[in-house]
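See below for the structure under consideration.
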Amino acid sequence: MFYVAPLQIQSQSLSFAEWVALLTLCLAPLIAHILAGAPQPSLLASSKPKWHDRVCILNPTSILCRYAAIVDRRIRARQWGPVDAAAANAVFWNQHGWDGSEEMVMRALPYCTLLPDHGTVELLSTEMLKTAIVTMQGLQALVSLVGGVTGTVLFNQYFGLDGIFGPLSVMGLLRLYAAPWLTDDYMYSGRALAGAHAVAYGPVANNTSATDVPRHSIDSLNQPPDIKESVDSRYRPVSFWPSQCFRALYFSSLIGCWFLAMWWTFIRPILRPRGTPLTSSSFFAGVFYVFGLGSTAIIYFCYYIWGNARSTILPCASDIWYKAYTIVLTTFMGVVLLLSALETYKAACGSYTSLPARCSDLVCVATGGEVPATVARCY
902 MFYVAPLQIQ
912 SQSLSFAEWV
922 ALLTLCLAPL
932 IAHILAGAPQ
942 PSLLASSKPK
952 WHDRVCILNP
962 TSILCRYAAI
972 VDRRIRARQW
982 GPVDAAAANA
992 VFWNQHGWDG
1002 SEEMVMRALP
1012 YCTLLPDHGT
1022 VELLSTEMLK
1032 TAIVTMQGLQ
1042 ALVSLVGGVT
1052 GTVLFNQYFG
1062 LDGIFGPLSV
1072 MGLLRLYAAP
1082 WLTDDYMYSG
1092 RALAGAHAVA
1102 YGPVANNTSA
1112 TDVPRHSIDS
1122 LNQPPDIKES
1132 VDSRYRPVSF
1142 WPSQCFRALY
1152 FSSLIGCWFL
1162 AMWWTFIRPI
1172 LRPRGTPLTS
1182 SSFFAGVFYV
1192 FGLGSTAIIY
1202 FCYYIWGNAR
1212 STILPCASDI
1222 WYKAYTIVLT
1232 TFMGVVLLLS
1242 ALETYKAACG
1252 SYTSLPARCS
1262 DLVCVATGGE
1272 VPATVARCY
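Number 1260 in our numbering belongs to position 359 of the sequence shown; there are no gaps in the numbering.
Below, the structure is given as structure tokens:
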């Protein structure tokens, strides 16, 4: 029988030093995921984005869709250079809101004051370092989660505060798809006057130089007539079969992550009901991942598979419903953090767990990825 235990408030015995260590371990995967996937906005308008606009870019859903969109644009590019890499990685804000369309490759070029040396990532760069950190965190979490399913690796499902954002690292592995083309070696400035400080990057499509595109105001982002033709000559349509194959592969990866969350939260407790009640914090953490990953998969399918979107920024990032979704997801994250903080207890062996204090030592004798069935007697 599927059973979720009532909340146990038992973290009073933790010292200040232990709280600092717990919060550091807890927030490290979350901070790494956001810092690695959400670059500073490139402002091409006189008005700056509000807090509710900025938080949408920090949403894990936006980050995961951004990775996929960058790879898809690279696949469809007829030629890939520094101009393409800079525009694909940049998060543009103009008077209409967030804009990651292909047209911004040319429209924003006169405001570009710095371009990367190459269209691919530099081996010694901050983006490569971010990828290495996120990958190591993700592999550790993936081995634990998958190994726990197969029984080959010990996985403590009754984790404490230090482990609630560990599964988030698995989603960070999706960064590996885009890793070869991620760069932060670019700069766009909306204060630059028309062509005055623009980067001279040789000829672009249709033999048009960067300084030939007319720009007169940071609020005059009307598309010149030749921009559309230039974009069409630079990128293949979304019907290009390698692009369709990648979108299907990425969607399958999202579904795989969602299935792992479903397994540990619902499927496993139902299939193995004996002695496996979920603690309140572990259950709500699982529901958070099921909801977040499920929403991400649905949004990606609707916009990038069904809708054939080309933007490196979610087309709905400025919509009210997406802002509401982001606030709900953030609030849910805060609730999970609070519940786990209240329920965390330090076992005799030094491990942190959400099991009741009288049964906390059971995580110290877990074998084969299983906490002993006697855990049922703790409630």
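Cβ coordinates follow ideal geometry from the N, Cα and C atoms, glycine included.
Hey, residue i and residue j: beta-carbon distance below 9 angstroms or not?
{"i": "residue 956", "j": "residue 985", "result": "no"}
{"i": "residue 969", "j": "residue 1079", "result": "yes"}
{"i": "residue 1002", "j": "residue 1212", "result": "yes"}
{"i": "residue 930", "j": "residue 1066", "result": "yes"}
{"i": "residue 1244", "j": "residue 926", "result": "no"}
{"i": "residue 1018", "j": "residue 1139", "result": "no"}
{"i": "residue 935", "j": "residue 965", "result": "no"}
{"i": "residue 1062", "j": "residue 912", "result": "yes"}
{"i": "residue 1043", "j": "residue 1074", "result": "yes"}
{"i": "residue 940", "j": "residue 990", "result": "yes"}
{"i": "residue 1253", "j": "residue 1048", "result": "no"}
{"i": "residue 979", "j": "residue 1137", "result": "yes"}
{"i": "residue 1224", "j": "residue 953", "result": "yes"}
{"i": "residue 1171", "j": "residue 903", "result": "yes"}
{"i": "residue 1086", "j": "residue 1004", "result": "no"}
{"i": "residue 1246", "j": "residue 1256", "result": "yes"}
{"i": "residue 1027", "j": "residue 1088", "result": "no"}
{"i": "residue 1084", "j": "residue 1149", "result": "no"}
{"i": "residue 1228", "j": "residue 967", "result": "no"}
{"i": "residue 948", "j": "residue 1218", "result": "no"}
{"i": "residue 905", "j": "residue 1184", "result": "yes"}
{"i": "residue 1196", "j": "residue 1230", "result": "yes"}
With a CB to CB cut of under 6 angstroms and the five nearest residues on each side skipped, what residues in its chain are close to residue i?
{"i": "residue 937", "result": "1031 and 1035"}
{"i": "residue 919", "result": "none"}
{"i": "residue 1000", "result": "993"}
{"i": "residue 1132", "result": "1003 and 1004"}
{"i": "residue 1250", "result": "1265"}
{"i": "residue 886", "result": "In the structure as shown, the chain begins at 902 and stops at 1280. Residue 886 is therefore absent and cannot be evaluated."}
{"i": "residue 1107", "result": "Reliability fails at residue 1107, whose pLDDT of 38 lies under 50, so the model's placement of it is uncertain and no value is given."}
For residue i, which residues from the same chain have a beta carbon less than 7 angstroms from its beta carbon, with the 5 sequence-adjacent residues on both sides left out?
{"i": "residue 981", "result": "975 and 1020"}
{"i": "residue 1189", "result": "1233, 1234 and 1237"}
{"i": "residue 1126", "result": "Residue placement at residue 1126 cannot be trusted, given a pLDDT of 47 that sits under 50; what the coordinates show is reported in the next sentence. Closer than 7 angstroms at Cβ, skipping near neighbours: no residue."}
{"i": "residue 1194", "result": "1155, 1158, 1159 and 1162"}
{"i": "residue 1091", "result": "944, 945, 946, 1012 and 1119"}
{"i": "residue 1206", "result": "1148 and 1152"}
Could you spell out where the alpha helix (DSSP H) holding residue i opens and where it closes?
{"i": "residue 1138", "result": "Element bounds for residue 1138: n/a, residue is neither H nor E."}
{"i": "residue 1078", "result": "1076 to 1079"}
I'd like to confirm the pairing. Which residues does DSSP put opposite residue i in its beta bridges?
{"i": "residue 1151", "result": "Answer is none; residue 1151 lacks a bridge partner."}
{"i": "residue 1247", "result": "1253"}
{"i": "residue 905", "result": "1179"}
{"i": "residue 1089", "result": "1013"}
Once you ignore the five residues that flank residue i on each side, which residues in its own chain have a CB closer than 8 angstroms to its CB?
{"i": "residue 1216", "result": "1204, 1208 and 1210"}
{"i": "residue 1071", "result": "1039, 1042, 1043, 1046, 1158 and 1161"}
{"i": "residue 1077", "result": "1032 and 1036"}
{"i": "residue 1025", "result": "none"}
{"i": "residue 1123", "result": "Bear in mind that the predicted position of residue 1123 carries a pLDDT of just 49, short of 50, making it unreliable; the figure below should be weighed with that in mind. The answer is none, since no qualifying residue turns up."}
(request) Can you check the segment 987 to 1069 for any beta strand (DSSP E) of at least 3 residues that lies completely inside it and give the ranges in chain order? (result) 993 to 995, 998 to 1000 and 1013 to 1015
(request) Kindly provide the ranges of any alpha helix (DSSP H) runs that are 4 or more residues long and lie completely inside the segment 939 to 981, ordered along the chain. (result) 952 to 959 and 961 to 977
(request) Pick out the complete alpha helix (DSSP H) segments inside the segment 1152 to 1223, 4 residues or longer, and give them in chain order. (result) 1169 to 1172 and 1181 to 1201
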